[in-house]
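Residue numbers (the UniProt record's numbering): 1 to 164.
Before any comments, here is the structure.
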Amino acid sequence: MELVQDILKELTPLTHRNKAADELARILKEPHFQSLLETHDSVASKTFETPPPSPCSFMDAAFNTQPVAPDAVRMVGIRKVSGEHLGVTFRVESGELVIARILHGGMIDQQGLLHVGDIIKEVNAKEVGNDPKVLQQMLKEASGSVVLKILPSYQEPHTPRQVS
Numbered sequence: 001m002e003l004v005q006d007i008l009k010e011l012t013p014l015t016h017r018n019k020a021a022d023e024l025a026r027i028l029k030e031p032h033f034q035s036l037l038e039t040h041d042s043v044a045s046k047t048f049e050t051p052p053p054s055p056c057s058f059m060d061a062a063f064n065t066q067p068v069a070p071d072a073v074r075m076v077g078i079r080k081v082s083g084e085h086l087g088v089t090f091r092v093e094s095g096e097l098v099i100a101r102i103l104h105g106g107m108i109d110q111q112g113l114l115h116v117g118d119i120i121k122e123v124n125a126k127e128v129g130n131d132p133k134v135l136q137q138m139l140k141e142a143s144g145s146v147v148l149k150i151l152p153s154y155q156e157p158h159t160p161r162q163v164s
């Protein structure tokens, strides 16, 4: 802001003779421009408070729209109540637990973050093994924030969900 004040002092004698100087002086005095400069100075000097890191920052990858390699691991976060069913079934395929079905209208279907064919590797940082019943029990008993480590399937393109 000091620099702008200095510039305005230098421009003032020129504003009567030069249209460009007059226009620049008017722009520099506008409230919106002043706010922009104050914000810039605040960010540049880092005089703002940095928010604490989000406990769900791992979920950023779930919302990334960039293409991901088929062997990339994704972390998918969901919130649920203990005993609540997610509306998903699993099968064992090549020794891995794979999503077999997603029930229409279930929590997983509504969120759209998991797909048939996705391989479930971990639930809340615990390996799931290869027993679908054990995985279902783990998911049923989990509550609050549940983090699934998956290997996504990319057999078919998934269209974005639309809210009606």
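C-beta atoms are modelled at their ideal positions from N, C-alpha and C, and glycine is treated no differently.
Using a 10 Å radius around the Cβ and a threshold of 16 neighbouring Cβ atoms, would you call ARG79 buried or exposed?
Counting from one through the sequence shown, the residue named residue 79 turns up at place 79. Exposed, by the Cβ-count rule.
Residue 207 versus ILE120 - alpha carbon distance
There is simply no residue 207 to check, as the chain begins at 1 and stops at 164 in what is shown.
Cutting at 6 Å between CB atoms, please list the residues of its own chain near PHE63, excluding the five before and the five after it.
As a working mapping, residue 63 is identified with position 63 in the sequence shown. Because the pLDDT of PHE63 is 48, which lies under 50, any placement of that residue in the model is unreliable, and the question is left without a value.
Indicate the three-state DSSP secondary structure (helix, strand or coil) for VAL25 in the structure shown.
Position 25 of the sequence shown, counting from 1, holds the residue named residue 25. In the sequence on display, residue 25 carries Ala and not Val. In the structure shown, ALA25 sits in a helix (DSSP, three-state: H, G or I).
Three-state secondary structure (DSSP) at GLU127?
Residue mapping note: residue 127 aligns to position 127 of the sequence shown, counting from 1. It is a strand residue.
Would you grab the beta carbon distance between ILE99 and VAL88 for me? Rounded to a whole angstrom, and I think it's under 8 Å.
By one-based count along the sequence shown, residue 99 stands at place 99. By one-based count along the sequence shown, residue 88 stands at place 88. The Cβ separation is near 6 Å, so the contact holds.
In this structure, how does DSSP classify THR89 when only helix, strand and coil are distinguished?
As a first step, residue 89 is located in the sequence shown; it is residue number 89 there, counting from the start. DSSP places THR89 in strand when its eight states are reduced to three.
Measure the C-alpha to C-alpha separation of VAL146 and LEU36 and round it to an integer number of angstroms.
In the sequence shown, counting from the first residue as 1, residue 146 sits at position 146. In the sequence shown, counting from the first residue as 1, residue 36 sits at position 36. One C-alpha to the other measures close to 41 Å.
Beta carbon of ASP118 nearer than 8 Å to that of SER94:
Within the sequence shown, the letter at position 118 stands for residue 118. Within the sequence shown, the letter at position 94 stands for residue 94. In this structure, SER94 does not lie closer than 8 Å to ASP118 by Cβ.
In whole angstroms, give me the CA-to-CA distance for THR15 and VAL43.
Translated into positions along the sequence shown, residue 15 becomes position 15. Translated into positions along the sequence shown, residue 43 becomes position 43. Roughly 31 Å separates the two Cα atoms.
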